[in-house]
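K.L.:
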Amino acid sequence: DAGITQSPRHKVTETGTPVTLRCHQTENHRYMYWYRQDPGHGLRLIHYSYGVKDTDKGEVSDGYSVSRSKTEDFLLTLESATSSQTSVYFCAITPAGGTYEQYFGPGTRLTVT
Amino acid sequence: SQQGEEDPQALSIQEGENATMNCSYKTSINNLQWYRQNSGRGLVHLILIRSNEREKHSGRLRVTLDTSKKSSSLLITASRAADTASYFCATVPGGSYIPTFGRGTSLIVHP
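The listed protein sequences correspond, in order, to chains L and B. In terms of the numbering used here, the numbers along the first sequence are unbroken and rise by one, the last being 113. In terms of the numbering used here, the numbers along the second sequence are unbroken and rise by one, the last being 224.
#1: Check L:A96 in the structure and name its three-state DSSP category.
#2: Could you check whether the Cβ of L:Y64 sits closer than 9 Å to any Cβ belonging to chain B?
#3: Determine the direct distance from the alpha carbon of B:L188 to that of B:R173, and round the result to whole angstroms.
#4: Going by DSSP, name the residue or residues bridged to B:E119.
#5: Tell me which same chain residues have a C-beta within less than 6 Å of the C-beta of B:I221, skipping the five on either side of it?
#6: If we cut at 9 Å on Cβ distances, does L:Q25 have a partner in chain B?
#7: Just checking my contact of B:T204 with B:I142 at CB under 8 Å: how many whole Å lie between their CB atoms?
#8: Straight-line CA distance for L:W34 to B:C202?
#9: With a threshold of 9 Å between beta-carbons, can L:E72 be considered close to chain B, or not?
Encoded structure:
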């Protein structure tokens with residue numbers, strides 16, 4: 001599982017509240033990613049990071065922000081959760097080597113009521 | 114936007130049969146990858162094929178790539194009930210390092 005953990009694994013929150021999801025990796029990988037997975041849409045990239053304090057937006061970044069102050073942690077924040085952000089969120093890493101395959105965490109199921 | 118699109122969306126077969134899934138994409142790629150996702154779990158990387166390769170094998174998996182048709186296929190031979198999962202193709206465009214995932218094929222293998 002490439003030493004990737006996500007917390008929490010499940011969360012129910014109310015519309016309008018801020019939510020932070022954490023991705024933690026133990027193997028010093030440089031590249032980290034946040035995806036959301038929804039029925040009919042597959043996996044869509046939210047934000048990614050290519051180093052400490054180096055992040056960029058993905059395809060569906062509106063309403064989300066990220067931070068990476070340490071190599072091992074990549075945080076995803078929903079500034080003010082909406083029902084459309086109900087989804088399963090996956091963190092992934094790309095190991096060094098140049099082929100760019102990804103290894104995924106177990107996911108966080110977020111429900112916004 | 115999805116770069117790769119899998120076909121069919123759903124596939125139901127009997128144990129022991131072969132399963133073939135296809136992926137089409139639109140732009141030139143560095144490589145193409147296939148992933149498996151069991152229900153409620155994260156994606157697992159299965160196999161990667163580079164743009165200059167035409168075929169690759171890993172155990173019961175066979176992947177082909179036709180860059181002229183911008184398509185790939187994943188063949189699972191002698192399928193087992195444990196192969197029941199969703200399968201995704203992901204393309205890494207030339208000049209990029211970030212895979213773009215398709216919507217997946219849901220495979221059900223009946224015992």
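A virtual CB, placed ideally from N, CA and C, is assigned to each residue, including glycine.
P.N.:
Per the coordinate set shown:
#1: L:A96 falls in the coil class under three-state DSSP.
#2: It does not: the Cβ of L:Y64 has no partner Cβ on chain B nearer than 9 Å.
#3: 8 Å
#4: B:C136
#5: S125 and T197
#6: no
#7: 5 Å
#8: So the two alpha carbons sit approximately 18 Å from each other.
#9: No, L:E72 lies away from the interface with chain B (no Cβ there is under 9 Å from its Cβ).
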